[in-house]
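First comes the structure, then the notes that go with it.
In the numbering used here, the protein residues as written are 15 to 75.
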């Protein structure tokens, strides 16, 4: 892991939290949606945010 400053770590933690929240929200909307197109789009967006989360976690590992 690269040496990150405390400010960078805080920003990274904040962004990870935001990505987690977006993943949960879009998965929740997808689960509640009766429209298959909306469900599919929300699942795609949730997957994209999961990729972002995974990339950010890579900076910590």
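Heads up, the beta-carbon is just placed ideally off N, CA and C, and yes, glycines get one too.
Residue nearest to residue i in terms of C-alpha spacing, selected from the options
| i | options | result |
| --- | --- | --- |
| residue 60 | 31, 38, 28 and 72 | 38 |
| residue 33 | 21, 64 and 53 | 64 |
| residue 41 | 30, 53 and 48 | 53 |
| residue 62 | 18, 29, 28 and 36 | 36 |
For residue i, three-class secondary structure by DSSP
| i | result |
| --- | --- |
| residue 66 | helix |
| residue 20 | helix |
| residue 36 | helix |
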